[in-house]
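A.B. asks: Dropping a structure here in structure tokens format, bear with me for questions.
Below is the structure:
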């Protein structure tokens, strides 16, 4: 399982690393290991994002809850305001 830990209010730039590995070579994990193999890195400027812990815009909050299959507790209709309905 892969876990990525983000800090709130920090900007991030995802990167894709493609490495050519020979037989018996391990997948590079650290930047040093990546530098030791033939590789190419791709960066897409449009993927820059800022991690947040809460949204100030209620419409965005509702969109995130509606799109999250694990947010059942947030969909309780008795907790919704008239704005959310």
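In the UniProt record's numbering, the protein residues as written are 1 to 85. Just so you know, even glycine gets a beta-carbon here, dropped at the ideal spot from N, CA and C.
Kindly list the residues whose CB is nearer than 6 Å to the CB of residue 13, restricted to its own chain and excluding five residues on each side of it in sequence; keep chain order.
C.D. replies: Within the same chain, residue 13 has close Cβ partners 48.
A.B. asks: Sort out for me which residues DSSP pairs residue 18 with in a bridge.
C.D. replies: 40
A.B. asks: So the candidates are 31, 58, 73; which of them puts its Cα closest to the Cα of residue 16?
C.D. replies: 31
A.B. asks: With distance defined between alpha-carbon atoms, name the residue in 62, 18, 23, 57 nearest to residue 41.
C.D. replies: Looking from the CA of residue 41, the closest CA among 62, 18, 23, 57 belongs to 18.
A.B. asks: Does any heavy atom of the ligand NAD sit closer than 6 Å to the C-beta of residue 62?
C.D. replies: Ligands are entirely absent from the displayed structure, and the ligand NAD is therefore not among its contents.
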